[in-house]
Structure formats: structure tokens, C-alpha cells
Amino acid sequence: MKFNADVSSSRRKSRKAHFSAPSSIRRKIMSSSLAKDLRGKYNTRSLPIRKDDEVRIVRGKYKGREGKVTQVYRKKWVIHVDRVQRDKSNGATVPIGIHPSNVVITSIKLDKDRRAILDRKDRKKAPKAAGEDVEMVDLSSLRSSLASHRISLQNLTCHPAAKSAVLTENRIHAKRFA
840 MKFNADVSSS RRKSRKAHFS APSSIRRKIM SSSLAKDLRG KYNTRSLPIR
890 KDDEVRIVRG KYKGREGKVT QVYRKKWVIH VDRVQRDKSN GATVPIGIHP
940 SNVVITSIKL DKDRRAILDR KDRKKAPKAA GEDVEMVDLS SLRSSLASHR
990 ISLQNLTCHP AAKSAVLTEN RIHAKRFA
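In this note's numbering, the protein residues as written are 840 to 1017.
Structure, rendered in C-alpha cells:
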């Protein structure tokens, strides 16, 4: 089911957007899940992979191998892991590309920016609920404080529903004393 009219559900357009994505978006797409212990420590499931992270390959021919990420090759959508390579016929060794979805990050290279990302993604931090940052105010105290500052309720800038409730209450109040 389509939820957003501005986003196409066309297979062709989705594939074009994916494969012609700029490097900044490829970084986000090339994320890997965290190992169980890191998941518990940082309260997040995945992180964009980067050079010097230590990973364990969990899918494919090289399943079970561990190593440090030597290169994140965004153009080819792969990462190169230390000691995961093959020999060419001329004797040279070439690294084998592995898609980031097939690895699990076992050790994170932390710096200031990475720490900020982990803090932002932390699920255990209590996000502000919708009702927490809204303060309930008694209408009579609001009216008296506005009167003391000589502000009319009509010039009050607030949520339209709250404003109409205040104005409706005001009309009832005015009719009582009329």
C-alpha cells in the first residue's frame, strides 16, 4: 500500500535512485548491523560502516572470517576486509568486495562524530512525549496574566484549537456578566 504520494513505488525509479545515489546517501545505505554485545551497549541496531571498524562476515563464502575494514568502496557498494583476498594468476593478491549487509560490526572505531551519532540513535534515551513539553494553564490565570501585560486574547499566538477554546470560554464569560 502506498502511503506517500510524493514517493514513487515504481521498480524502475527505485532502482535508478539506488544505483545513481550520491556518496552521502550511499554511506547511509551501506550500513551494517552491530554485534549483540555492542547492540546492548549502545542501544542501536546498525551503523554506517567505516574504515578501521572490525567486522565478522556472517554470509557467503567467507562466512566466519574476522578482520578490520581496509576500505569502504562506495562506488562498487562493497567493503574490503583485511585478509579476505584472492591470488591472481600473476601472483598478485586482490581484496574481495563484501557487501556491508553481510557483515556484523564487532568493534567500532570511535571518534567525536561517531560518538555523536551513537548518542543520537540511542533508543533508551527518553524521547520527549507529546504531552511533556506542553504545559496546561488555567484559563483564569492566563487571562489575568495577559491583562496585566495588556495583551488581548485575539493577538495571542498559539495552537488554533487552544486559541478557539480560550476565545469560546471568553465569550461565555462575557455573556455571564452582560
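No residue lacks a Cβ here, since even glycine has one placed at the ideal position from N, Cα and C.
Beta-bridge partners assigned by DSSP to V942: I896. Within the model, the alpha-carbon separation for Y901 versus A844 is close to 42 Å. Only residues of its own chain outside the window of five on either side were considered, and among them R913 have a CB closer than 6 Å to the CB of R865, listed in chain order.
An exposed status is given to P861, since fewer than 16 other beta-carbon atoms sit within 10 Å of its beta-carbon. Residue pairing for H919: DSSP places it in a beta bridge opposite Q910, G936.
Contact between the stretch 941 to 948 and the stretch 885 to 905 is present, with at least three C-beta pairs closer than 8 Å. Across the set D876, P934, S863, I956, the C-alpha of P934 shows the shortest separation from the C-alpha of I918.
Measuring C-alpha to C-alpha distances from K875 to each of M869, R884, K867, K960 identifies R884 as the nearest. As a beta-bridge residue in DSSP terms, R925 pairs with V933. About 19 Å separates the beta carbons of S859 and P939, which is beyond the 8 Å limit, so they are not a contact pair. Assignment of S979 by DSSP, reduced to helix, strand and coil, places it in the helix class.
In the same chain as K841, and ignoring 5 residues on each side of it, the C-beta atoms closer than 8 Å to its own belong to S848, in chain order. Spatial neighbours of R904 in its own chain (CB-CB distance under 8 Å, excluding positions within 5 residues in sequence) are listed in chain order as R895, I896, V920, R922, V923. The three-state reading of DSSP puts S847 in coil, since its state is none of H, G, I, E or B. In this structure, V911 keeps its C-beta atom at 8 Å or more from the C-beta atom of K880. DSSP, read as helix, strand or coil, puts L949 in coil. Cβ neighbours of K915 within its own chain (closer than 7 Å, five residues either side excluded): G936. In the three-state reduction of the DSSP assignment, S859 falls in the coil class.
Short of 6 Å from the beta carbon of D926, and not among the five residues preceding or following it, lie these beta carbons of its own chain, in chain order: T932.
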